[in-house]
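S.K.: Chains A and B, in that order, are what the protein sequence lines are. Numbers 2 to 312, taken from my numbering, label the letters of the first sequence in order. Numbers 2 to 312, taken from my numbering, label the letters of the second sequence in order. Cβ coordinates follow ideal geometry from the N, Cα and C atoms, glycine included.
Number of protein chains: 2
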Amino acid sequence: MIGKLITNIKKTQAPIVVGLDPMLGFVPEYIRKAVIREQGETLEAAGEIIYRFNEGIVEAVSDLIPAVKPQIAMYEQFGIPGLIAFKRTVDLCRAKGLVVIGDVKRGDIGSTSAAYATAHLGKIKIGDTEIAPFDEDFATVNPYLGSDGVNPFLDVCRANDRGIFVLVKTSNPSSGEFQDKESDGKPMYEIVGEKVNEWAESCMDASEEACGYSEVGAVVGATYPEMGKRLRTIMPKSYILVPGYGAQGGKGKDLVHFFNDDGLGAIVNSSRGIIAAWKQEKYASYGETGYADAAREAVLDMKADIAEALG
Amino acid sequence: MIGKLITNIKKTQAPIVVGLDPMLGFVPEYIRKAVIREQGETLEAAGEIIYRFNEGIVEAVSDLIPAVKPQIAMYEQFGIPGLIAFKRTVDLCRAKGLVVIGDVKRGDIGSTSAAYATAHLGKIKIGDTEIAPFDEDFATVNPYLGSDGVNPFLDVCRANDRGIFVLVKTSNPSSGEFQDKESDGKPMYEIVGEKVNEWAESCMDASEEACGYSEVGAVVGATYPEMGKRLRTIMPKSYILVPGYGAQGGKGKDLVHFFNDDGLGAIVNSSRGIIAAWKQEKYASYGETGYADAAREAVLDMKADIAEALG
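#1: Can you tell me the Cα-Cα spacing of alanine 267 (chain B) and aspartate 22 (chain B), whole angstroms?
#2: Look up alanine 68 (chain B) in the DSSP assignment and say whether it is helix, strand or coil.
#3: Name the chain B residues whose beta carbon is nearer than 8 Å to that of tyrosine 145 (chain A)?
#4: Identify whether serine 176 (chain B) lies in helix, strand or coil by the three-state DSSP scheme.
#5: Using DSSP with H/G/I as helix, E/B as strand and the rest coil, what is lysine 188 (chain A)?
#6: Under a three-way DSSP split, which group does aspartate 104 (chain A) fall into?
#7: Would you please state the rounded distance, in angstroms, between the beta carbons of tyrosine 190 (chain A) and leucine 232 (chain A)? I believe it to be under 8 Å.
#8: Is the beta carbon of valine 243 (chain B) less than 8 Å from the beta carbon of valine 217 (chain B)?
#9: Of the choices B:Val101, B:Ala201, B:Phe79 and B:Ala47, whose alpha-carbon is the least far from that of glycine 20 (chain B)?
#10: What did DSSP end up calling phenylalanine 154 (chain A) once you bin it into helix, strand or coil?
#11: Which residue wins for smallest C-alpha separation from glycine 26 (chain A), given the options A:Trp279, A:Ala310, A:Gly312 and A:Asp302?
#12: Show which residues of chain B have a CB atom less than 8 Å away from the CB atom of isoleucine 3 (chain A).
#13: Within the continuous beta strand (DSSP E) that includes lysine 170 (chain A), where are the two ends?
#14: Can you tell which of A:Pro174, A:Ser63, A:Tyr52 and A:Ile235 has the C-alpha that lies nearest to the C-alpha of isoleucine 73 (chain A)?
#15: Just tell me which of A:Ser208, A:Glu209, A:Ser184 and A:Tyr145 has its CA closest to the CA of tyrosine 197 (chain A).
#16: Should the segment 77–90 of chain A be called in touch with the segment 113–132 of chain A, which here means at least 3 C-beta pairs below 8 Å?
#17: Measuring only between beta-carbons, confirm whether phenylalanine 66 (chain A) sits less than 8 Å from chain B.
#18: Can you tell me whether glycine 312 (chain B) is buried or exposed, with buried defined as 16 or more other CB within 10 angstroms of its CB?
#19: Can you list, in chain order, the residues of its chain with a C-beta nearer than 7 Å to that of valine 62 (chain B)? Leave out the 5 residues immediately preceding and following it.
#20: Taking only beta carbons into account, state which residues of the segment 57–82 of chain B come closer than 8 Å to chain A, listed in chain order.
#21: Checking contacts by CB at 8 Å: is threonine 90 (chain B) closer than that to chain A?
#22: Take every Cβ of the segment 28–47 of chain B, pair it with every Cβ of the segment 87–103 of chain A, and state whether three or more of those distances are shorter than 8 Å.
#23: Can a CB atom of chain A be found closer than 8 Å to the CB of glutamate 42 (chain B)?
#24: Helix, strand or coil for glutamate 42 (chain B)? Go by DSSP, reduced to three states.
#25: Can you check whether the C-beta of proline 174 (chain A) is within less than 8 Å of a C-beta belonging to chain B?
#26: Which of the residues in the segment 146–163 of chain A, read from start to end, lie with their CB under 8 Å from any CB of chain B?
#27: Is the Cβ-Cβ distance between alanine 219 (chain A) and methionine 236 (chain A) less than 8 Å?
#28: Mind listing the chain B neighbours of alanine 277 (chain A)? Cutoff is C-beta to C-beta under 7 Å, in chain order.
#29: Please compile the residues from chain A whose C-beta is within a distance smaller than 7 Å of the C-beta of phenylalanine 135 (chain B).
#30: Identify, in the order they occur along the chain, each residue of the same chain with its Cβ nearer than 8 Å to the Cβ of aspartate 129 (chain A), setting aside the five sequence neighbours on each side.
#31: Pull up the DSSP beta-bridge partners for isoleucine 132 (chain B), would you.
#32: Cβ atoms of alanine 223 (chain B) and serine 184 (chain B): under 8 Å apart, would you say?
#33: At a threshold of 7 Å, does valine 221 (chain B) count as lining the ligand NAD (C-beta to nearest heavy atom)?
#34: Looking at the secondary structure, which residues open and close the beta strand (DSSP E) in which glycine 83 (chain B) lies?
#35: Excluding the 5 residues preceding and the 5 following aspartate 306 (chain B) in the sequence, name in chain order all residues of the same chain whose CB lies nearer than 6 Å to its CB.
#36: If I follow the unbroken beta strand (DSSP E) through valine 1 (chain B), where does it start and stop?
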């Protein structure tokens, strides 16, 4: 599946992913009002609101980008109807040819991790029938439980041509509380990074399009460029998913170290910087009915910023 | 909410929680066949199968136990219909007066962690209406992202009288890969434990029933009793949720160190040891139609084992 992601990146000339993390506050009032008029102040209405909002964004930007990253928490907060909107969003984006990275940060042990992997990347057998429950292309995985938590994901990735991004160094201010603690002279994020490299080598995408990259990638925040530089060398076969650009403070120039010399190896996420662009002063002229066009303009600006930084 | 859990534990004289982690293989064939006959080999059928199975178990054991712990992965693997079964199970158990610990192991940062907390323990506002999406009493939380990931849960716990259990030392064989790494002479699980103690002190349940315990508990596996002994002293105000008893190898005698001198402070989970008891030789005489009675017998045996161990 990393081969498909790389193909999409080359085609669009854009190592970027749009985070579809809709909060109700990002959605223009005319959409919220219209749906609530039909369905009342219900979870069902909330699910429909965020799906319609996503639909507009995806229509406007799908030709410019290789991938989307829906953050499942933003859907789960609306209960079952929210998760229905998540599933509809996954299906919509895959039908458009976009690679879908489910930002689910799941992780457990043994049969439980296997169940999460099946839910998001695999197929479940009911009687003699196999069904893909959520059917994303990639999922993000939390490594705190060790190999027992990750190996079941690798099995499902191998069987279904899917991939994962393992949390290594997250973009938030307090990520260092545990991730930076040093053991035998190495910070925890490096210890996790070395393990990611092992997992990556055991789960390669053999297709030509994959250019020697693995189905196992890593999450490393744009807000920690020096650590990104070090982690880039520790995990040479892993794509790095880079959150923290834009709203969290990461700049284009911070990103250069996340890429390999082949110009590949990283994909940069922006969520609210794109989907809520219409609320920024810079894009205010689009107005609320132009929210999707504002998102398109913000994607073009992000592409230019990153292209300039990468020289 | 820890006050309610302690009240339930005292009433039932049982510091135990039944893990409602249904796999299709645990469900007697007569249930599976009946539902598939009605609904075909669909995700909807799978959801209905595991809900009916749970219903039987809950009917049979609810008077004996204080709490249940549904593992959401086992529902998520059946997609939306599975999550509907999860929600129905939460509602059924709360209606019976059981405390529901959602074993969701969520964790992210900032507004995303807030969304997970809202989904499971809080209320979401849609227009002027507030709705509780999943409405569990407790949730399990992954600490890898640090305080930024946990604080939003604390806010929601304080506002809604709910609680969390933070993963500290998990029960699986590879948990030591990262959790046991030493930094300045302290293993990571102790560093996390100290942080849990801080979070616990900032989020106390002031009710008399809480006996001085906090809304912030910890997960420590029964398979590591010596580490449990040490963690017990580091987090005196935290209830410890102890997985790994039974199927994973933890014995009654291993549990004594997880409790405080007041006889409180720990709750021991068993999942397949209870819900799939009918498949064990020991309870085989119940047959498949007696699966719920076998679960009841297994609960009584577990209570006796733990009571003996605690003297």
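M.R.: This is what the structure gives:
#1: Taking the second sequence and counting its residues from 1, one reaches residue 267 (chain B) at position 266. Taking the second sequence and counting its residues from 1, one reaches residue 22 (chain B) at position 21. Distance between the alpha carbons of alanine 267 (chain B) and aspartate 22 (chain B) is about 20 Å.
#2: Residue 68 (chain B) sits at position 67 when you count from the first residue of the second sequence. Alanine 68 (chain B): strand per DSSP, three-state reduction.
#3: Position 144 of the first sequence, counting from 1, holds the residue named residue 145 (chain A). Within chain B, the residues near tyrosine 145 (chain A) are Asn143, Pro144, Tyr145, Leu168, Thr171, Phe179 and Gln180.
#4: One-based indexing of the second sequence puts residue 176 (chain B) at position 175. Here serine 176 (chain B) sits in helix by DSSP.
#5: For the purposes of this step, residue 188 (chain A) is taken as the residue at position 187 of the first sequence. Per the sequence shown, the amino acid found at residue 188 (chain A) is proline instead of lysine. The answer is strand: DSSP assigns proline 188 (chain A) an E or B state.
#6: Along the first sequence, one-based indexing puts residue 104 (chain A) at 103. In the structure shown, aspartate 104 (chain A) sits in a strand (DSSP, three-state: E or B).
#7: Translated into the one-based positions of the first sequence, residue 190 (chain A) becomes position 189. Translated into the one-based positions of the first sequence, residue 232 (chain A) becomes position 231. With a Cβ gap of about 7 Å, tyrosine 190 (chain A) and leucine 232 (chain A) count as contacting.
#8: Counting from one through the second sequence, the residue named residue 243 (chain B) turns up at place 242. Counting from one through the second sequence, the residue named residue 217 (chain B) turns up at place 216. Not a contact, by the Cβ cut-off of 8 Å.
#9: The residue given as residue 20 (chain B) occupies position 19 in the second sequence. With distances taken between Cα atoms, glycine 20 (chain B) lies closest to B:Val101.
#10: If you number the first sequence from 1, residue 154 (chain A) lands on position 153. Here phenylalanine 154 (chain A) sits in helix by DSSP.
#11: Numbered from its first residue, the first sequence carries residue 26 (chain A) at position 25. Among A:Trp279, A:Ala310, A:Gly312 and A:Asp302, the Cα nearest to that of glycine 26 (chain A) belongs to A:Trp279.
#12: Here residue 3 (chain A) is taken as the residue at index 2 of the first sequence, counted from 1. What isoleucine 3 (chain A) touches in chain B: nothing, since even the nearest Cβ is about 24 Å away.
#13: One-based indexing of the first sequence puts residue 170 (chain A) at position 169. 164–170 is the extent of the beta strand (DSSP E) around lysine 170 (chain A).
#14: Residue 73 (chain A) sits at position 72 when you count from the first residue of the first sequence. It is A:Tyr52 whose Cα lies nearest to the Cα of isoleucine 73 (chain A).
#15: Sequence index remark: in the first sequence, residue 197 (chain A) carries index 196 (1-based). The question names tyrosine, but residue 197 (chain A) in the sequence shown is valine. When only C-alpha atoms are compared, the closest one is A:Tyr145.
#16: no
#17: For the purposes of this step, residue 66 (chain A) is taken as the residue at position 65 of the first sequence. The residue you asked about is not phenylalanine; residue 66 (chain A) is isoleucine in the sequence shown. No, isoleucine 66 (chain A) does not count as interfacial toward chain B.
#18: The count along the second sequence starts at 1 and reaches residue 312 (chain B) at position 311. It counts as exposed.
#19: On the second sequence, position 61 is the one that residue 62 (chain B) refers to. Cβ neighbours of valine 62 (chain B) beyond the five flanking positions: Val19, Ala296, Arg297 and Val300.
#20: Gln72, Ala74, Met75, Glu77, Gln78, Phe79, Gly80 and Ile81
#21: What you label residue 90 (chain B) is simply residue 89 of the second sequence in a count that begins at 1. Not closer than 8 Å to any Cβ of chain A, the Cβ of threonine 90 (chain B) fails to qualify, so no.
#22: no
#23: To locate residue 42 (chain B), count along the second sequence from 1; it is residue 41. Yes - at least one Cβ of chain A is within 8 Å of the one on glutamate 42 (chain B).
#24: Here residue 42 (chain B) is taken as the residue at index 41 of the second sequence, counted from 1. In the structure shown, glutamate 42 (chain B) sits in coil (DSSP, three-state: anything other than H, G, I, E or B).
#25: For the purposes of this step, residue 174 (chain A) is taken as residue 173 along the first sequence, with counting starting at 1. Interface residue, yes.
#26: Leu146, Gly147, Ser148, Asp149 and Gly150
#27: Counting from 1 along the first sequence, the entry for residue 219 (chain A) is found at position 218. Counting from 1 along the first sequence, the entry for residue 236 (chain A) is found at position 235. In this structure, methionine 236 (chain A) lies closer than 8 Å to alanine 219 (chain A) by Cβ.
#28: Mapped onto the first sequence, residue 277 (chain A) falls at position 276. Within chain B, no residue comes near alanine 277 (chain A); the closest Cβ sits about 12 Å away, beyond 7 Å.
#29: Reading the second sequence from its first residue, position 134 is the one you call residue 135 (chain B). What phenylalanine 135 (chain B) touches in chain A: Gly80.
#30: Within the first sequence, the letter at position 128 stands for residue 129 (chain A). For aspartate 129 (chain A), where only same-chain residues beyond five positions count, there are no Cβ hits under 8 Å.
#31: Against the second sequence, residue 132 (chain B) aligns to sequence position 131. B:Ile125, per the DSSP bridge assignment.
#32: Your numbering for residue 184 (chain B) matches position 183 in the second sequence. Your numbering for residue 223 (chain B) matches position 222 in the second sequence. It is not a contact, given that the beta carbons lie outside the stated cut-off.
#33: Although the ligand NAD was asked about, the structure shown includes no ligands whatsoever.
#34: Here residue 83 (chain B) is taken as the residue at index 82 of the second sequence, counted from 1. From DSSP, glycine 83 (chain B) is part of no beta strand (DSSP E) but of the alpha helix (DSSP H) over 80–96.
#35: As a first step, residue 306 (chain B) is located in the second sequence; it is residue number 305 there, counting from the start. The answer, listed in chain order, is Gly253.
#36: Here chain B covers residues 2 to 312 and nothing more, so residue 1 (chain B) does not appear.
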